[in-house]
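Taking it in order: structure first as structure tokens, then the write-up.
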Amino acid sequence: MSMFKKLFGEAGVKDVITLFHSSKNPSSIRVYTLLKQTAGTAQTTATEDQASSHDQQSKLQRTEFDLQVEESAPTPDQLQSILEYVGESQAGSVIEGATSVSDALKRVRQGSQITRPLVVDWNKGKVGLYLNILQWLGPALTVVVTGDSESEILKLVKALPHKEA
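Every letter in the sequence shown is one number past the one before it in our numbering, and letter 86, counting from 1, is 81.
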């Protein structure tokens, strides 16, 4: 989508964040709730009859994104992209025990499952996972953030392009 934004200047196109979710996993539920609240907050605005002063809210930059929630496993193409985003050294954080991208793909073919919750920003090539927290290294780099850490997930969301209110 970001290619089309650049190519056609479609400012109204929102970034897509996918949560590979498990409704039985408490961390996944927390991540889902946080992303849902963040998506909702990004789209709310005050109207003239709701507040006497809109100056502060009008100046806020909001991050708008489409949240897709998937309880099914990623498609083979999606999994390949996710593993490319995280790189060889972090493949084990997506597929438990994997030592490389090829090992992760092999383990999936043998029945291994992805670690959930798994948050993917497809436009930025960023992945948020469950356990280990790494720093965001910058918009030009692809990185992994593992954990249900609210601050790390908010960093992922805030890294999306902002829209003036």
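Note that the Cβ used here is the ideal one computed from N, Cα and C, for glycine as well.
Would you tell me roughly how many angstroms separate the C-alpha atoms of L62 and L78, rounded to the nearest one? The residue you call residue 62 lines up with position 67 of the sequence shown. The residue you call residue 78 lines up with position 83 of the sequence shown. Between L62 and L78, the C-alpha separation is close to 20 Å.
What residues match up with V64 in a beta bridge as DSSP calls it? Looking up residue 64 in the sequence shown gives position 69. The partner list for V64 (beta bridge, DSSP) reads L14.
Boundaries (first-last residue) of the alpha helix (DSSP H) holding S76: Taking the first residue of the sequence shown as position 1, residue 76 is located at position 81. Per DSSP, S76 belongs to the alpha helix (DSSP H) from P71 to V81.
Environment of S84 [buried if 16+ CB atoms lie within 10 Å]: Along the sequence shown, read from residue 1 onward, the residue named residue 84 stands at position 89. S84 should be labelled exposed.
Residue of V89, T33 and N20 minimising C-alpha distance to P69: Here residue 69 is taken as the residue at index 74 of the sequence shown, counted from 1. Nearest C-alpha to P69: V89.
Are the CB atoms of G120 and Y80 within a distance shorter than 7 Å? On the sequence shown, position 85 is the one that residue 80 refers to. On the sequence shown, position 125 is the one that residue 120 refers to. For Y80 and G120, yes; Cβs fall inside 7 Å.
Smallest Cα separation from R102: which of A86, F15, R25 and V114? For the purposes of this step, residue 102 is taken as the residue at position 107 of the sequence shown. When the alpha-carbon of R102 is set against those of A86, F15, R25 and V114, the nearest one is in A86.
To which residues of the same chain is A99 closer than 7 Å at the C-beta, ignoring the five residues directly before and after it? Translated into positions along the sequence shown, residue 99 becomes position 104. Within the same chain, A99 has close Cβ partners L78, A86, V89, I90 and A93.
Does DSSP classify G123 as helix, strand or coil? The residue labelled residue 123 in the question sits at position 128 within the sequence shown. G123: strand per DSSP, three-state reduction.
For T28, does the count of other Cβ atoms within 10 angstroms reach 16, so buried, or fall short, so exposed? In the sequence shown, counting from the first residue as 1, residue 28 sits at position 33. By the 10 Å Cβ count, T28 comes out exposed.
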